[in-house]
Amino acid sequence: MGEAGRVRDGLREGWRAYRLIAGMWIRSTMAYRLSFAMALVSGLLVTGLDFVAILLMFSRVDALGGYSLPEVAFLYGLSATSFGIADLVIGSAGRLGSRVRDGTLDTLLVRPAPVLAQVAADRFALHRVSRITQGALVLGYALAATDVDWTVVKVLLVPVTLVSGAVIFGAVLVAGAAFQFVAQDAAEVQSAFTYGGQTLLQYPPTVFGKELVRAVTFVFPLAFVNWVPAAYVLGRPLPLDLPGWAAYAPPLVALACCAPAGLAWRAGLRSYRSTGS
Amino acid sequence: MGSVRLYAAVAAGSFRRYATYRVATAAGVFTNTVFGLILVYTYLALWDERPQLGGYDQAQAVTYVWLGQALFATLALQGGGFEAELLERIRTGAVVIDLYRPADLQLWWFAADFGRSAFQLLGRGVIPFAFGTLVFPSALPADPLVWLRFLLALLLATLVSFGIRFLVALSGFWLLDGTGALRMLMVTGMFCTGMALPLNAFPEPLGGIVRALPWSAMLQMPADLLMGETGALGTYAFQAGWAVVLLLLGRMVQTAATRRVVVQGG
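Residue numbers (the working numbering), protein chains in the order written: chain X, 853 to 1129; chain R, 666 to 931.
In structure tokens form, the structure reads like this:
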């Protein structure tokens, strides 16, 4: 069997384990329907207020960094939905640090299923769909309110961007989880990149300093979650005067992000020493 | 005199407890600095578009951002202090141990939370603030007396912050599950303290309302005092007024709550 075949089997096995564990957690969540509904509604409110902060700003100004409210809503909708998808699928991995600290990761290691799939599906929280819903609502508003010359390419680029963005954020979450093998107490560093990144992407790139934009384009390519493709869709110059084809790059960037995240995860898992007793 | 020593020991112990987690503290400093950077750029763009928004110039808006990051953990602006722990103790029943200690519940937890605040101001607040105000143009006073007045305002702010969170924690006696209450604390903390946007930049009449609520005593008022936008006496009166109201309310709820406690099991 070739390398490709092994990878394929590994993925299939991981997906099967993920589906089984996530399904179990969904059934267990649904045993408390009212609690689930409350978590869903409050999640919608909390994430919704996030957008209210932007509305408050726009109650005092007409544009921010040259972007109008619908255009900022477009940026917001893309990044919030992508992040919501990544958070739903793999967000549980963020709690790895506590499993490392109390040694319960050992249980996952002896099970015949990929550890990453188990960690990602652990305590699968279906109520996180509230973030996706809220992001999608804002995105819907933005699509209705912006004045875009839609072409076939632009229409296709929106869903492609959403999926690529989710993969990029997913890679960040996996890398963050890997980091927790080394520094269990540093879980908060991860929020600088995930929540911080999402906050950053809500605002137009024109707002930020050149160095910061350069860093999140070339070093830590969050810019491809929404800034670059959205600038193309909105008919604005791409950030940092990137060439036009860069707007189609998100899927490639997303794939490229998976490699270092996967390597980091492997290195982290290999360095794991149980708490001992 | 003995009880003062007791609460001082509780506060010191809490200070040391938080000081133990050095990596977590460093992680917090990093995160606050990153968030500060993001906010500073958006505020600069906002004030570019609308100079003198809320009566601040750009340097003041920048200073406000870094002060917010410094006080974020110190005053547990969106939660993250003792309240989750007390809620959990109420849920599990361990609060009974707190109740038969020869110490007052409210004072005990205030001392513990004060120790945490003191550590987080020094360990987590100072570095992002120093970094931000050195790198970006800022509006800091040169007069040491203003800084002293500011410190006193911070002290009163810890009372208000504790007062709110103590009530949130006591809600556990009735609700048992504190998830919802903690979420509300987070949301109010984000909006009413001015972490999302300075309260003086809110559109009216919303701005007038949030500025009258106790949350404005935590970040907005100390910031205005530091930057010379408001006088000390008015600030202290507002803060002390809300502190007294909240702490008395907390005391009343505490009395009602402790009557309800039923120790489960045998």
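Where is the CB? At the ideal position from N, CA and C, for every residue including glycine.
Item: Neighbourhood of X:P966 by C-beta distance below 8 Å, restricted to the same chain and skipping five residues each side; Value: G862, E865, G866 and A869
Item: Cβ-heavy atom distance, R:A689 to the ligand PLP, below 8 Å; Value: Of ligands this structure carries none, so the ligand PLP is not represented either.
Item: Interface flag, R:R814 vs chain X, CB-CB below 9 Å; Value: no
Item: Neighbour-count burial assignment, X:V1059, 16 or more Cβ in a 10 Å radius; Value: buried
Item: Per-residue burial, X:S1123 [other beta carbons within 10 Å of its own, 16 or more giving buried]; Value: exposed
Item: Within 9 Å, strictly: CB atoms of X:L968 and X:W1117; Value: yes
Item: Contact with chain X by R:R715, beta-carbon distance below 9 Å; Value: yes
Item: C-beta neighbour in chain X for R:F680, strict 9 Å; Value: no
Item: C-beta atoms of R:L832 and R:L752 nearer than 9 Å; Value: no
Item: Beta-bridge partners of R:L744, as assigned by DSSP; Value: Rather than Leu, the amino acid found at residue 744 of chain R in this sequence is Gly. Note: R:G744 sits in a beta bridge opposite R:L742.
Item: 9 Å Cβ cutoff, R:V688 in contact with chain X; Value: yes
Item: Check whether R:L850 and R:R830 have beta carbons under 9 Å apart; Value: yes
Item: R:G693 at chain X interface by Cβ criterion, 9 Å; Value: yes
Item: Residues of its chain near R:P802, where Cβ-Cβ distance is below 8 Å and the 5 sequence neighbours each way are ignored; Value: Q723, A724 and V727
Item: Residue range of the unbroken alpha helix (DSSP H) whose run includes X:T899; Value: R885 to F910
Item: Near-chain X residues of the segment 833–856 of chain R (beta-carbon distance less than 9 Å), N- to C-terminal order; Value: D842, T844, G845, R848, M849, M851, V852, M855 and F856
Item: Cβ-Cβ distance between X:Y1055 and X:L916 below 9 Å; Value: yes
Item: Closer than 7 Å at the beta carbon, the chain R residues around X:T881; Value: Residues of chain R passing the Cβ test: none, with the nearest at roughly 14 Å.
Item: Segment contact, 8 Å Cβ cut-off, at least three pairs: the segment 708–719 of chain R with the segment 876–890 of chain R; Value: no
Item: Simplified DSSP state of R:L702, which is helix, strand or coil; Value: helix
Item: Rounded Cβ spacing between X:L1142 and X:T933 (contact assumed at less than 8 Å); Value: The shown model of chain X, from 853 to 1129, leaves out residue 1142 of chain X, and the question about it has no answer.
Item: Min CB distance X:V1007 to chain R below 9 Å; Value: no
Item: Near-chain R residues of the segment 1029–1047 of chain X (beta-carbon distance less than 9 Å), N- to C-terminal order; Value: A1035, Q1036, D1037, A1038, A1039, E1040, V1041, Q1042, S1043, A1044, F1045 and Y1047
Item: For X:Y1084 and X:D1176, the rounded distance between their alpha carbons; Value: Nothing can be reported for residue 1176 of chain X, as the shown portion of chain X is limited to 853 through 1129.
Item: One or two residues paired with X:Y919 in a DSSP bridge; Value: X:L916
Item: Short CB-CB distance (under 9 Å) between X:F1060 and chain R; Value: yes
Item: Straight-line Cα distance separating X:L1074 from X:A1082; Value: 13 Å
Item: Continuous alpha helix (DSSP H) stretch holding R:C857: start and end; Value: Per DSSP, R:C857 belongs to no alpha helix (DSSP H) and is neither H nor E.
Item: Per-residue DSSP class, three states only, for R:G931; Value: The predicted model places R:G931 with a pLDDT of 46, which falls under 50 and marks its position as unreliable; any figure quoted below should be read in that light. Residue state, collapsed to three classes: coil.
Item: Proximal residues of chain X, C-beta to C-beta of R:Y706 below 8 Å; Value: Y1055, V1059, F1060, G1061 and L1064
Item: Through-space distance from R:P868 to X:P1103, alpha-carbon basis; Value: 41 Å
Item: Residues of its chain near R:A738, where Cβ-Cβ distance is below 8 Å and the 5 sequence neighbours each way are ignored; Value: G693, N697, G745, Q785, R789 and G790
Item: Distance CB(X:T985)-CB(X:L896) smaller than 9 Å; Value: yes
Item: Helix, strand or coil at R:W773 [DSSP, three-state]; Value: helix
Item: Buried versus exposed, by CB contacts within 10 Å (16 or more), X:Q1050; Value: buried
Item: Beta-carbon neighbours of R:I703, restricted to chain X and to distances below 7 Å; Value: G1048, T1051 and L1052
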